[in-house]
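Per my numbering: the sequence shown = residues 39 to 284. We treat Cβ as the ideally placed atom computed from N, Cα and C, and that holds for glycine.
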Amino acid sequence: MTQHRILITGGASGIGAGIARHWANMGNDVLITDVDDALGTALAQELGATYQHHDVTSEKQWKELASQHKPFDVVFLNAGVASGGNIFAAAATESVFEFDLANFRRVSSINIDGVVFGVAHLADAMAKNGGGDIVVTASMAGLFPIQADPVYGLTKHAVLGFVKSLAPTLIEHNVCLSAICPFFVDTPLVNAESQALIRETGFDILTVDQVIDAAQTAVAERSAGAQWVIFPGLPVVKAPEPALLP
């Protein structure tokens with residue numbers, strides 16, 4: 039079996055940890071990055087992987103990471119956050135749109151900068167090494183409105199726009215850029231209260247394993263610019279592209 043060099047950002051917990059475990063168990067050389075050093079170090083020790091503290095919002099740290107490691111074969115740009123709290127809670131304010139600038143900058147920098155910087159500083163080396171795959175963890179919130187968290191929705195729409203726009207260029211150099219778009223997943227990003235409210239609407243919560251399967255599909259299929267939709271009870275499919283107006 040060929041050993042691949044794998045990078046997972048936001049890999050200390052949730053979806054990222056699941057992806058790290060999957061690829062490490064297949065005997066690959068896995069680098070886990072995160073800002074939660076305790077969880078990341080423990081997971082790396084468990085898996086025989088490597089952990090590195092890495093803030094995805096820092097371009098300086100991206101430059102350092104790229105210079106410290108040989109080109110990766112597969113990169114999962116997975117780090118991401120929501121605006122916080124119960125995503126279905128009514129806003130405790132009289133404002134029609136509760137806006138917190140600091141939180142907006144935090145969510146945008148992690149969800150958008152963390153993807154753009156990653157591609158910018160890893161794709162060239164990957165291309166010069168023969169190619170590879172970059173899979174972005176987006177969300178169904180990048181395909182449909184999410185009234186409960188419009189800032190999160192904004193960032194995921196932005197990420198998908200970036201993936202679709204850049205993918206045709208990268209694939210010319212055998213670098214396949216794609217995205218996975220899960221429904222709500224059983225991770226710390228969706229707290230227990232939110233999960234209960236989702237189930238009350240008649241929908242189930244995805245397991246991390248279901249998202250891992252979709253990520254594996256993205257790598258296996260190598261469909262540039264694809265947005266792989268993961269919805270409870272349905273097979274993983276590519277989101278259809280809207281027909282252009284004549």
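Residues of its chain near residue i, where Cβ-Cβ distance is below 7 Å and the 5 sequence neighbours each way are ignored
| i | result |
| --- | --- |
| Asn116 | Ile46, Thr47, Gly48, Gly49, Ile53, Gly54, Ile57 and Thr175 |
| Tyr190 | Ala120, Ser121, Val145, Ala179 and Ile184 |
| Ala196 | Ile150 |
| Gln248 | Ile268 |
| Gly118 | Gly48, Ile148, Asn149 and Thr175 |
Environment of residue i [buried if 16+ CB atoms lie within 10 Å]
| i | result |
| --- | --- |
| Ala76 | exposed |
| Gln90 | buried |
| Asn149 | buried |
| Phe137 | exposed |
| Lys98 | exposed |
| Ser216 | buried |
| Phe182 | exposed |
| Gly65 | exposed |
| Ala256 | buried |
Residues that residue i bridges to, as DSSP identifies them
| i | result |
| --- | --- |
| Thr175 | Ile218 |
| Arg43 | Asp67 |
| Leu244 | Val223 |
| His92 | Partner(s): none; His92 has no beta bridge. |
| Gln265 | Ala217 |
| Asp72 | His91 |
| Lys276 | Trp266 |
| Phe110 | DSSP output for Phe110 lists no bridge partner at all. |
| Leu115 | Val174 |
Distance between beta carbons of residue j and residue i, contact taken as under 8 Å
| i | j | result |
| --- | --- | --- |
| Leu85 | Arg43 | In fact, because the Cβ distance is near 15 Å, the residues do not count as touching under 8 Å. |
| Gln83 | Asp67 | That belief does not hold up - the Cβ atoms of Gln83 and Asp67 are roughly 15 Å apart, past 8 Å. |
| Asp72 | His92 | 7 Å |
Inter-residue Cα distance where the pair is residue i and residue j
| i | j | result |
| --- | --- | --- |
| Val154 | Phe200 | 8 Å |
| Glu102 | Ser133 | 42 Å |
| Ile70 | Leu81 | 9 Å |
| Ser177 | Gln106 | 30 Å |
| Lys108 | Leu160 | 10 Å |
| Phe142 | Lys194 | 13 Å |
| Cys219 | Gln254 | 13 Å |
| Asn63 | Ile250 | 13 Å |
| Asn212 | Phe222 | 31 Å |
| Glu210 | Asn167 | 14 Å |
| Ile279 | Lys202 | Here residue 279 is Glu; the residue named in the question, Ile, does not match the sequence. Each residue's alpha carbon lies about 10 Å from the other. |
| Ser51 | Leu272 | 25 Å |
| Gly170 | Ala258 | 11 Å |
| Val246 | Trp61 | 14 Å |
| Leu244 | Val274 | 12 Å |
| Ala165 | Ala205 | 13 Å |
| Pro295 | Leu198 | Here the chain comprises residues numbered 39 to 284, so residue 295 is not present and cannot be evaluated. |
| Thr207 | Cys214 | 9 Å |
| Ser96 | Gly152 | 8 Å |
| Ala186 | Ala252 | 25 Å |
Residue i beta carbon near the ligand GDP (any heavy atom closer than 6 Å)
| i | result |
| --- | --- |
| Gly170 | Here there are no bound small molecules, and the ligand GDP is not part of this structure. |
Spatial neighbours of residue i in its chain, beta-carbon cut-off 8 Å, leaving aside the 5 residues before and after
| i | result |
| --- | --- |
| Gly156 | Thr47, Val94, Trp100, Val113, Leu115 and Ile172 |
| Lys276 | Ser261, Ala264, Gln265, Trp266 and Val267 |
| Ala128 | Summary for Ala128: the model assigns pLDDT 49, below 50, so the residue's position carries little reliability, and this model does not support an answer. |
| Ala104 | His159, Leu160 and Ala163 |
| Leu192 | Ser146 |
Residue-level contact to chain D via CB, residue i, 7 Å cutoff
| i | result |
| --- | --- |
| Tyr190 | Any reference to chain D falls outside this structure, which holds one protein chain only. |
Close Cβ partners of residue i (< 6 Å) along its chain, the five nearest in sequence each way excluded
| i | result |
| --- | --- |
| Thr79 | Tyr89 |
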